[in-house]
Each structure stands twice: as C-alpha cells, then as structure tokens.
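Only one structure is covered here, and it is reproduced in the block below.
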DNA sequence: TTGTATGCGTTATCAT
DNA sequence: ATGATAACGCATACAA
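Chains as they are written, first to last, in full-length UniProt numbering: chain A, 1 to 340; chain B, 1 to 340.
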C-alpha cells in the first residue's frame, strides 16, 4: 500500500502518476488530451484519477501556461447600478455568453469602496485574469490606471468619461435621442421638455444634444431639467419641476425609462392624461417600459449585445488582434407603445 | 546596464532583486512587511520596485501559500434572478462588504448554461477560491456536488431544496407570513386570498403554511392560487384568477412585492380601490414596494444582512471554526404602508 | 510512446 | 539581517 496523502490535502498529478505506475509527464498528456499516449497508459491514468479523486489545480496550471482562461468584469458604483439600472443583468449575461463560447470564465468584481478598489486592482494585475471588461465609469480611477499600466487587454461598456484611447462598445446616443424626439414632435407636441440625467458623461450630453437638435428653433432651454440619477425618484422630481415651469407642457423626453416612470406617476397625480394631455418617451426599453401605465414608448438599447461586443473586443485582443481604439457602436431602435 | 526584461513580460521578484542588489528572499520580506530587514535594504528594494514597475503575481503566491484570499459567489438562473429579483443586488453587496472587511476578494460567477456549470465547477475546484457562497438553488447540481466532494468551505443564501447538511443564512418565512397575514385579518378583511409562488422550495411552502395558520378556520383553499415565478407578470395572472374565483375578495397576500405590484395593476383595472375595497400585502420590501400605487405594506427582508451572514459562515470555516449545519436565521419585520 | 529535467513566480526553511 | 535552496502543482522541451 502506497503512502496515502494526508486527508486534508488534495491529490496531485504525482499521486495519480504513482497510482497508475507512470510518470507525471504521461499523466499530464492524458489530462491535456495530447497525442502519443498508449491506450494502456491512458486507461491506467484515467482509473487512477478516479481512485485518488484528482482534480486539476487550474491556478498552478496558469502559472506555467501564463493564462488563466478568465476575464474579469469590473462593476463600479454598484449601489446605483444594481439597484437602479435594469440593463446591468442583460449586459452581464451578454458578456458571459460571449466568453463562455470561447471557453473563458467570467469573474465579476464589484467595487463598492476605496478598499475594494485597491484589492480589485491587485486581483486584476495579480495574474488571475487575462483581460477585463469595465462597465462605464471613469478610466482614470485606480483600477483603470492599473489595467493600463499593466497592459492588460481591456474594453469598456459605454464610453469612459475621461479618456479617449480605449476600446469600448456603445450606442449612438445622439442619433437615438434625435430620432425619438422627432417622433414626439411628429405627433403634434409643441411644448416639449426633457428630464436629463448623466450630464457628466457623454452619453447624457449626447442625448441632450440630440433632443436639442430635434426641436430646432422651438427648443426652450427652461424646459430642460437636470437630475442627478437615472432613477424613478429623479423622474418624480424632474416632472414636478417641469410642471411648475410650464403647466401647459405636452411632451416629455426622459433620459431613462425609470425617469419616465416617475414622470408618469407625477402626471397622473396632477390629473394629466397620458398620452392625451402629455406624450412621454423614455430611453433603454428596460423592464420598466412594460410595467408603466400606459406602456412606454422608448429607445430600445441592445444591452445584451453591448456586453457581448465588449467581451469580443477583449477576446480579440487575447487572440493578438488589433481592435483599434474608440467606440464600437450598436444600433438602437424605437419601440412605440402608447405613452406617446 | 543589466539585461532588460523583454518588454512584453512583466517584472518579477528576480528583476527587483537584481536591480536592488539583494536576494529574492529579501525582496519577499520587504513585500510582506516582515521584520529583520535593514533600512538600507528596504529602501533599495522599494526603489527597485518602482524602477522596474513590479507588481506581485498573486496567483503564483497563492500556489505556495495555498490560499487565494478569494471567495466565489455562485449565481444560478440569472435570467429570473437578475431580471426579476430586486434583492440580489443587496445580497451581493452584503457579501462583498463582509468579505472586504476580512480582506477577501469576492468573485461572482454566473451559471447560465450547462457549459457554464462545468466550467464554474472547474474554476471553483481549481484553486482560484478558498470558499464559496451559493445563492439558493439546489445543492445536488454539478457545482454543489463538486464543492461538497472537494470539501470547499461553503454556505448558501436561502435553503437549498434538496439537501439538509449545509450551512445557510435565511429568514423564518413561516413566522413572517403568519405575522403579516394576521395584521391583514386584524384590519377587518374576511375573504383573504394568496398568490403563492416558489412552492417547489421550502421558502414558498413556509409562506403558504404561515398564511394558512393565520387564517385558521376561515382559510379557503380555493383562494390560494399558485404561480410559477415571483414576477410582476405572475401577479397579473394570479390576481385575475382570484377575482374570477371570488369577486368579493377583500384581502390578498402576495408571495413577493413584484407579484403584489401585478395584483395592484389588475385591481385598478377592475375598478377596485386599494385599500378601500381590497387590502394587499407583499413580501420582500424591495424597491417595488415604494413604487406601487398605493405604496405596499410588506415583510421587510434583510437582504444585505443575509448576504453578510452567509459570507461570515464561509469566513468562519476559513478560520477553522465549526459553524454547524442548518440555517442561521435573521429577523424580518413588517413595514405597514397604505396598501393594507 | 514515455520518462526526466527544468521553470513558471512566489514563499519558506534553512544556513550563515 | 541576509542569501541559498527547496518546494507549491503543473506543463513542456528534450532525451531515451
């Protein structure tokens, strides 16, 4: 009887080799399905693997192969994202789907404090992942810097606000806002306001620019109210301000479906009918859009595809391809329901 | 000039040692803030670290220290969870918070296909994490089995449906349902129905049992409708069925806030006033509860604390403590708003 | 076809 | 206080 391993320790290739009566090299070859291993050796090794309960230490393997077959997803500001952003789940699934097909493991890392930030930066540069997808955020935070300094293949979902030279997957916010505002105009609305969020990033700025362009000369600056978040609560606040400013308002473009939902609640309270008195449109085509009363006309954002595209940008770099810098844009479409 | 490293490769301890004119051992001691290193050596090493741009390879470190300082979070069924469960974000943040304090990195792993399942199992057993938190789900899936077989410290959020001997963090669903139904009764409701979801797990069963107990002899079996998911859509369906069964129904206990929100929509459509004609209560105290019209009376579930507790169960095992098996229960409370 | 030797980047155990 | 040297678990070039 061969000396047994201590029961608290896991079986290694050495144990398998000893049990099968072959060398470590042969075991490794069987494990990696390489050619040039005899049927008898293979059978002995496979039996031994079962007998000793061997499972490969992927971390040790990565040390020598110099790749982990894992890609990190960095999620900043989880409070607002997870609790308010209805698209985050779809983005995550899109990323996972693309990575899964390429046999990469997605590992999601949440940054919820400065302490997290440092630890995640260490994890990312510590050899646990081969690349990273970063959701929105700014590139010049500690993690963005660490990623750039370490030269780790990366891609962003959404354009980071403070840097140009990075690959990212996004949508054309300007054109989308332009298009849906034009349709609002085409339905005969004449006093159209906007509840604008995220003006500190270019997605927000672009939506405002598209809105402004669509209205042309009839644009009225006082009918744009700025709110801090893409949230339902901010929709409540924003709509109240708009009604104060112009009680005759007959159209509203909300920066997100959640904001639009808040606006609808205020309008109902104020006794305005939608779409009779006021037409309301949103942005995202998230789960909100179907729950509102009435259902929301909105810009459909291909959240899953955005995630998938960002993941593909990373995978391409992992294959050694040059993906170039700047945005990779996906198409949006307008979903016209009954709120306008 | 010392031979430079190839620019595509990262600096190692050897590079730092060479640059600083000391041995690897000394560099390692500086890195780990150990005692017995002279000020001069320390200064030289620290300078060299900056000069060569050294960042530690944590994966290699884990190979020798035999711990990764990371804990995995396994999320099954992301479609329904991420898109419908409003508590998942809070749970995640609670887990992250507890791990962060103990200097562990949380890595979230999504299981969205059989392929994912195998890959995640390999990742978990592959030395990348020291322990795992598993959200709900069943324990006898490939991952649960792999975790058990490998003897990896684990804890569940919510009671897995098909296994007993695991530590988990949960709430007392029976008592919570009992309490809120009793309050519904106390407001004078006499024809009370329930929209029940998740009857395939004991959380769902326990809520039904608490409801039944609270009603006592006035319990009417036909006023319990079963729906497959904890979703808004199922709330619509369930409420329609209840109205068909008993148009005079004056109270509803919904298995979740999302279901309650759906029920409210149907009641409004049907011209019933809430809480005038019908009292409605939910479960979760999720973001839904404040958005509904009127705001929802519901059971507050400490989602963040549940995550935190599960993480602590894993951390305790990592410290070598015996956490015992079975549930670790957290208190719920009733939030009485205006829907009942 | 198989075994041996070496190295991945780090910590840890010895000496000194 | 510091420097060799040996692991950690695995893959791989080379020898046989």
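From the three backbone atoms N, C-alpha and C, an ideal C-beta is built for every residue, glycine too.
| Item | Value |
| --- | --- |
| Less than 7 Å between C-beta atoms, sequence neighbours within five positions excluded: which residues of the same chain meet that for residue 270(A)? | 243 |
| Quick one: residues in its chain with C-beta nearer than 6 Å to the C-beta of residue 181(B), no 5 flanking neighbours on either side, listed in chain order? | 211, 214, 253 |
| May I have a chain-ordered list of the alpha helix (DSSP H) segments no shorter than 4 residues that lie completely inside the segment 164 to 211 of chain A? | 173 to 186 |
| Please report the distance separating the alpha-carbon of residue 317(B) from that of residue 132(B). | 11 Å |
| Tell me the DSSP secondary structure of residue 14(B) in three-state form. | helix |
| State whether the segment 36 to 52 of chain A contacts the segment 93 to 106 of chain A, with contact taken as three or more CB pairs (one from each stretch) at a distance under 8 Å. | no |
| If you count every other CB in all the chains shown that lies within 10 Å of the CB of residue 277(A), and 16 or more means buried, which is it? | exposed |
| Going by alpha carbons, who is nearest to residue 292(B) out of 281(B), 218(B), 302(B), 206(B)? | 281(B) |
| Using a Cβ cut-off of 9 Å, pull out every chain B residue sitting near residue 58(A), in sequence order please. | 122, 123, 125, 126, 127, 128 |
| Could you run through the segment 100 to 112 of chain B and flag, in chain order, every residue whose CB is less than 8 Å away from some CB of chain A? | 100, 103, 105, 106, 107, 108, 109, 110, 112 |
| For residue 36(B), I'd like the list of residues in its chain whose CB is within less than 8 Å of its CB, leaving aside the five on either flank, ordered along the chain. | 29 |
| Using a Cβ-Cβ cutoff of 8 Å, what residues of the segment 222 to 254 of chain A are near chain B? List them in chain order. | 232 |
| Are the C-beta of residue 48(A) and some C-beta of chain B separated by less than 8 Å? | no |
| Whose Cβ in chain A lies nearer than 8 Å to the Cβ of residue 289(B)? | Residues of chain A passing the Cβ test: none, with the nearest at roughly 12 Å. |
| I want to know whether the segment 328 to 339 of chain A touches the segment 15 to 22 of chain B - three or more CB-CB distances under 8 Å. | no |
| Note down the Cα distance separating residue 236(A) from residue 264(A), rounded to an integer number of angstroms. | 8 Å |
| Would you call the segment 85 to 93 of chain A in contact with the segment 300 to 316 of chain A, where contact means no fewer than 3 C-beta pairs closer than 8 Å? | yes |
| In the segment 266 to 305 of chain B, which residue ranges form an unbroken alpha helix (DSSP H) of at least 4 residues, counting only runs that do not cross its ends? | 288 to 291 |
| Starting from residue 156(B), follow the beta strand (DSSP E) in both directions and report where the run begins and ends. | 154 to 157 |
| Checking the sheet assignment: what are the DSSP bridge partners for residue 105(B)? | 70(B) |
| Check distances from the C-beta atoms of the UniProt domain "HTH lacI-type" (11 to 65) of chain B to those of chain A and list, in chain order, the residues that come in under 9 Å. | 53, 55, 56, 57, 58, 59, 60, 61, 62, 63 |
| Using the beta-carbon count (16 or more within 10 Å), is residue 144(B) buried or exposed? | buried |
| So with Cβ pairs under 8 Å, would you call residue 78(A) a contact of chain B? | yes |
| Assuming residue 340(A) and residue 187(A) are in contact, meaning their beta carbons sit under 8 Å apart, how far apart are those beta carbons, in whole angstroms? | 6 Å |
| Let's see if you can read the secondary structure: which residues bound the beta strand (DSSP E) around residue 254(B)? | 251 to 254 |
| Would the beta-carbon of residue 344(A) fall within 8 Å of that of residue 195(A)? | Residue 344(A) is absent from the structure shown; chain A starts at 1 and stops at 340. |
| What do you get for residue 149(A), buried or exposed, if any count of 16 or more other CB atoms within 10 angstroms of its CB means buried? | exposed |
| Taking a contact to mean a Cβ-Cβ separation below 8 Å, would you say residue 209(A) touches residue 156(A) in this structure? | no |
| According to DSSP, simplified to helix, strand and coil, what is residue 40(A)? | helix |
| Could you check where the beta strand (DSSP E) with residue 55(B) kicks off and where it finishes? | Counting along the chain, residue 55(B) falls outside any beta strand (DSSP E), and DSSP gives it neither H nor E. |
| Spatial neighbours of residue 62(B) within its chain, please: C-beta separation below 6 Å, excluding the five flanking residues on both sides. | 68 |
| Taking Cβ-Cβ distances shorter than 8 Å, what residues in chain B pair up with residue 116(A)? | 96, 100 |
| Closest to residue 12(A) by C-alpha separation, out of 261(A), 60(A), 34(A), 183(A), would be which residue? | 60(A) |
| Excluding five sequence neighbours on each side, which residues of the same chain lie with their C-beta closer than 7 Å to the C-beta of residue 87(B)? | 284, 286, 301, 303 |
| One question on the structure: do residue 163(B) and residue 140(B) come within less than 8 Å of each other, judged by their Cβ atoms? | yes |
| For residue 167(B), does the count of other Cβ atoms within 10 angstroms reach 16, so buried, or fall short, so exposed? | buried |
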